[in-house]
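Asks: Residue numbers (the numbering used here): 1242 to 1419.
Spelled out as structure tokens, the structure:
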């Protein structure tokens, strides 16, 4: 059996958001074994990180959307993953972000890529709503969600997870009809 699928490529002023490819596995696995991934399911063993890498590819096949590899425009080094996430047990569709290296933080990468993902969610994907599930201690992601216009939604249904999370709801652009 052959499963064929394609991922769109999104371009921003500075970034490319593209599909996963085999050469992304090593940087992805290396990143997800680090302590900095504590708010993204890590740190993981290399074996579990590789499975997470492959599950991201499978997410595209199963849902028709997923996380993108983010690179600088015109370059190919993965900076992180940003995009759409809705695995089994999630209460709502999520837009999430993770940068692989703390040296890339503070440059607006996650915000620019997350905004492109939100535009995709509320545009071509036709979502009516989008949330971001954020660990209460993850102040950087909370600030980013707020810069994107999201607000804390304490009434939102919780995802099936063992970790506590805050749910930030992203505003649907005015005048946009799904």
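Ideal Cβ placement from N, Cα and C applies to all residues, glycine included.
Values in this document were obtained by computation on a predicted structure and should not be read as measured data.
Is it true that the CB of residue 1391 sits closer than 9 Å to the CB of residue 1412?
Replies: Contact flag set, yes.
Asks: Between the Cα of residue 1348 and those of 1371, 1268, 1321 and 1308, spot the shortest distance and give me the residue it belongs to.
Replies: Among 1371, 1268, 1321 and 1308, the Cα nearest to that of residue 1348 belongs to 1321.
Asks: How would you call residue 1337, buried or exposed, if buried means at least 16 neighbouring beta carbons within 10 angstroms?
Replies: Residue 1337 should be labelled buried.
Asks: Enumerate in chain order the residues of its own chain whose CB-to-CB distance from residue 1301 is below 6 Å, with the five nearest sequence positions on each side excluded.
Replies: Here the set comprises 1246, 1248 and 1307.
Asks: Along the alpha helix (DSSP H) that carries residue 1273, what are the first and last residues, could you check?
Replies: 1266-1273 is the extent of the alpha helix (DSSP H) around residue 1273.
Asks: At the level of alpha carbons, what is the spacing between residue 1367 and residue 1353?
Replies: Approximately 20 Å between the Cα atoms of the pair.
Asks: Measure how close the beta-carbons of residue 1414 and residue 1341 come, nearest whole angstrom, since I'm counting them as under 8 Å.
Replies: Not a contact, Cβ separation roughly 29 Å.
Asks: For a test of the three-state rule: what should DSSP assign to residue 1291, helix, strand or coil?
Replies: The answer is helix: DSSP assigns residue 1291 an H, G or I state.
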